[in-house]
Amino acid sequence: MNFPFKKFFRVALVAGGFILTGCSSLEPWVKPYERQNLADPIMAFSRAPASDNYLHHVHQAREGARGAEGSAGGGCGCN
Amino acid sequence: MRKEVPEVVVAVISPSKHENNWDTKFQGNVTGWFATLILFWVSGFVNAAVLPEDRTDALYHSFEGGGVKIQGPSILVRKSIKDTVSVSANYYIDNVSSASIDVVTTASAYTERRVEKSVGIDYLRDKTIMSLSYAQSDENDFAARSAHFNVSQDFFGDLTTLSLGYSQGWDTVGKRGEPDFAEETNRRHLRLGLSQILTKDSILGASFETITDEGFLNNPYRSVRYRDPGGQNGYSFQPEFYPSTRTSDAFAVRGMYYLPYRASVKLELKTFTDTWGIEADTAEIAYVHPYGDEWIFDAKIRSYSQNNADFYSDLFDRIDQQNFRARDKEMSTFTSQTIGLGVSYEKELPDWETLNKFVVHLSVDHIRFDFDNFRDLTVDAPAGTEPLYSFSANVIRFYVSIFY
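Going down the list, the sequences are from chains A and B. Be aware that the first sequence starts at 1, since it is given in this note's numbering, and climbs by one per residue. Be aware that the second sequence starts at 80, since it is given in this note's numbering, and climbs by one per residue.
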């Protein structure tokens, strides 16, 4: 059976249209000049990457869980 | 105005000139929207995302508890080249002295050194950051190589950052005293992350990571115990044996809120599950309180709990009771509770030409582990009646960071 490309494309276009039209009515609600508090260093998820990565390693080596630490690295796999 | 600002936030302080024309140019035109969507991913906007700051961190780290002491330095150097590329290098050492419960009951205490080196490069193009890094870790009986790729994109007026990452790892497991012993493990990570500014005082992050291992996943030194009327105290040991594949999923949400009096709270929740039957939950709450312009104090409480792997048992009924068997305490049912305190002193250096500021930081985490089905075999008692094991550990991190 051939894949119904035309039908798929039509549905995708309509669905995409709905999504994008919906997005267009939603505008960023926090303006750039309102972000002073967010720019404060005390609001950083990680203030010191080397130190935080070390703590992730401590947890990974002693716990069964791993992953989703929120940092860019992937660990060394060296438990 | 402070020079140090998080990526997500800086992104929005410099709005894109393209954003101004966004609505009027394409509104009501589906084809136009589609073309714009493609443009958005290919080109992004202008000058939103920023590269990590140029900095050097010299960290001393120490873990001590449960008969184990691991300490050493870590040096991280990061420098940007022009405004679009940032390179980094990290040199990390673990000096290990181990007489842990596993070691003293089934093997001999040992000392060893692990050295990890990594290099990375980040490339900024408009609102997209692409990162590539490579790491290698070596100790006398274990070698790990890994490559990592991440891409992140700011959009929606820079309120949202989406990131995607992939890592591949190659491990070689050896065994002391057996030079011919060499087993391979491959590892793949896939990461998804979303960061969303909710209000002018709050930000929310979510991340998902799936990891697949394939190969030799045992610890070659560890053993399981089984009931043996002929053994001392009624038990004996045999080597553990793990499945050769494992896939895990972890999902975390974390939020930060800026309090009315310049302080912040962070809440993090994480859930984990894997194909070995381990399910784990983590909750952490942290409070950050600055004092003046130069001091930052922080405190946190973290709670972790997991159940045991399907093939874990503290005491099997007989030898070779089942194909897969483990008695690693990390595979058992346990909880851990952490209390952490930290203090930072940071000083701007406006009169220096080459340096912007420095930070000195000290933090101490106290962790208590309580095991629900892992028993303390250092106590002389009939098999299965030993007290449950528990221990405490202190984690110290002391670092000096220089920003330039």
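For glycine and all other residues, C-beta sits at the position ideal for the given N, C-alpha and C.
Let me know the secondary structure DSSP gives residue i once reduced to three states.
{"i": "Ile398/B", "result": "coil"}
{"i": "Glu257/B", "result": "coil"}
{"i": "Gln60/A", "result": "helix"}
{"i": "Pro49/A", "result": "helix"}
{"i": "Asn312/B", "result": "helix"}
{"i": "Glu69/A", "result": "coil"}
{"i": "Lys379/B", "result": "strand"}
{"i": "Tyr54/A", "result": "helix"}
{"i": "Glu425/B", "result": "strand"}
{"i": "Glu34/B", "result": "Summary: the structure shown does not reach residue 34/B, with chain B confined to residues 80 through 483, and so no result is reported for it."}
{"i": "Pro369/B", "result": "strand"}
{"i": "Leu238/B", "result": "coil"}
{"i": "Asp280/B", "result": "coil"}
{"i": "Phe448/B", "result": "strand"}
{"i": "Tyr391/B", "result": "strand"}
{"i": "Asp307/B", "result": "coil"}
{"i": "Thr464/B", "result": "coil"}
{"i": "Trp374/B", "result": "strand"}
{"i": "Pro318/B", "result": "strand"}
{"i": "Glu432/B", "result": "coil"}
{"i": "Asn265/B", "result": "strand"}
{"i": "Ala53/B", "result": "As displayed, chain B neither begins before 80 nor continues past 483, which places residue 53/B out of reach and without an answer."}
{"i": "Tyr300/B", "result": "coil"}
{"i": "Ile270/B", "result": "Correcting the residue identity first, residue 270/B is Arg in this sequence and not Ile. In this structure, Arg270/B counts as strand in the three-state DSSP scheme."}
{"i": "Leu130/B", "result": "coil"}
{"i": "Gly356/B", "result": "coil"}
{"i": "Phe403/B", "result": "coil"}
{"i": "Phe437/B", "result": "strand"}
{"i": "Phe351/B", "result": "strand"}
{"i": "Phe295/B", "result": "coil"}
Inspect the beta-carbon positions of residue i and residue j and report whether they are closer than 9 Å.
{"i": "Ile42/A", "j": "Tyr483/B", "result": "no"}
{"i": "Ala462/B", "j": "Arg301/B", "result": "no"}
{"i": "Ser51/A", "j": "Ser442/B", "result": "yes"}
{"i": "Ser323/B", "j": "Met335/B", "result": "no"}
{"i": "Leu138/B", "j": "Phe477/B", "result": "yes"}
{"i": "Arg381/B", "j": "Glu363/B", "result": "yes"}
{"i": "Phe320/B", "j": "Ala405/B", "result": "yes"}
{"i": "Thr361/B", "j": "Tyr383/B", "result": "yes"}
{"i": "Phe295/B", "j": "Glu263/B", "result": "yes"}
{"i": "Phe437/B", "j": "Ser471/B", "result": "no"}
{"i": "Gln385/B", "j": "Ala65/A", "result": "yes"}
Assuming residue i contacts residue j (C-beta within less than 8 Å), just tell me the rounded distance between them.
{"i": "Ala388/B", "j": "Gly356/B", "result": "5 Å"}
{"i": "Ala331/B", "j": "Lys349/B", "result": "4 Å"}
{"i": "Gly248/B", "j": "Arg224/B", "result": "7 Å"}
{"i": "Glu63/A", "j": "Ala359/B", "result": "7 Å"}
{"i": "Leu273/B", "j": "Leu203/B", "result": "No, Leu273/B and Leu203/B are not in contact; Cβ-Cβ is about 20 Å, not under 8 Å."}
{"i": "Thr190/B", "j": "Ser176/B", "result": "5 Å"}
{"i": "Gly146/B", "j": "Ala178/B", "result": "4 Å"}
{"i": "Arg267/B", "j": "Asp250/B", "result": "Contact doesn't hold; Cβ gap of about 12 Å is too wide."}
{"i": "Val198/B", "j": "Ala168/B", "result": "5 Å"}
{"i": "Leu269/B", "j": "Tyr245/B", "result": "6 Å"}
{"i": "Leu38/A", "j": "Lys206/B", "result": "Not quite, the Cβ-Cβ distance comes to about 17 Å (not below 8 Å), so this is no contact."}
{"i": "Val230/B", "j": "Leu243/B", "result": "5 Å"}
Where do the ends of the alpha helix (DSSP H) carrying residue i lie?
{"i": "Ser481/B", "result": "Inspection of the sequence shows that residue 481/B is occupied by Ile rather than by Ser. Premise fails: Ile481/B lies in the beta strand (DSSP E), Leu467 to Phe482, not in any alpha helix (DSSP H)."}
Could you pull the start and end residues of the beta strand (DSSP E) that residue i belongs to?
{"i": "Thr184/B", "result": "Segment Ile180 to Thr185 is the alpha helix (DSSP H) holding Thr184/B; no beta strand (DSSP E) there."}
{"i": "Pro28/A", "result": "Taken as a continuous stretch (DSSP letters only), Pro28/A belongs to no beta strand (DSSP E), as it is neither H nor E."}
{"i": "Met490/B", "result": "Residue numbering for chain B in the displayed model covers 80 to 483; residue 490/B lies beyond these limits and cannot be assessed."}
{"i": "Lys148/B", "result": "Val147 to Ile160"}
{"i": "Phe341/B", "result": "Correcting the residue identity first, residue 341/B is Arg in this sequence and not Phe. No beta strand (DSSP E) contains Arg341/B, which DSSP labels as neither H nor E."}
{"i": "Ile42/A", "result": "First-last for Ile42/A: undefined, no H or E at that position."}
{"i": "Leu456/B", "result": "Where Leu456/B is concerned, there is no enclosing beta strand (DSSP E), given that its DSSP letter is neither H nor E."}
{"i": "Phe228/B", "result": "Phe221 to Phe234"}
{"i": "Tyr202/B", "result": "Tyr189 to Arg204"}
{"i": "Tyr139/B", "result": "Arg134 to Gly144"}
{"i": "Ala173/B", "result": "The question names Ala, yet the displayed sequence has Asp at residue 173/B. Val164 to Ser177 is the extent of the beta strand (DSSP E) around Asp173/B."}
{"i": "Glu218/B", "result": "Thr207 to Glu218"}
Residues from the region 300-331 of chain B in contact with chain A, defined by Cβ distance under 7 Å | Cβ contacts with chain A come from Ser327, Ala329, Phe330 and Ala331.
Residues of the region 377-393 of chain B whose Cβ lies closer than 8 Å to any Cβ of chain A, in chain order = Taking 8 Å as the Cβ-Cβ cut-off against chain A, the residues of the region 377-393 of chain B that qualify are Tyr383, Gln385 and Ala388.
Closer than 7 Å, Cβ to Cβ, to anything on chain A: give me those residues from the region 140-157 of chain B, in chain order.
-> Those residues of the region 140-157 of chain B that come within reach of chain A (Cβ to Cβ, closer than 7 Å) are His140, Phe142, Ser153 and Leu155.
Name the residues in the region 273-298 of chain B whose C-beta lies less than 7 Å from a C-beta of chain A; which are they?
-> Residues of the region 273-298 of chain B that bring their beta carbon within less than 7 Å of a beta carbon in chain A comprise Ile276, Thr278, Lys279, Asp280, Ile282, Gly284, Ser286, Phe287, Glu288 and Ile290, in sequence order.
Can you give me, in chain order, the residues of the region 433-452 of chain B that have a beta carbon less than 9 Å from any beta carbon in chain A?
-> Within the region 433-452 of chain B, the residues whose Cβ lies closer than 9 Å to some Cβ of chain A are Val438, His440, Ser442, Asp444, Ile446 and Phe448, listed in chain order.
Given a limit of 8 Å on CB to CB distance, which residues of the region 397-408 of chain B reach chain A?
-> Here the close residues number zero.
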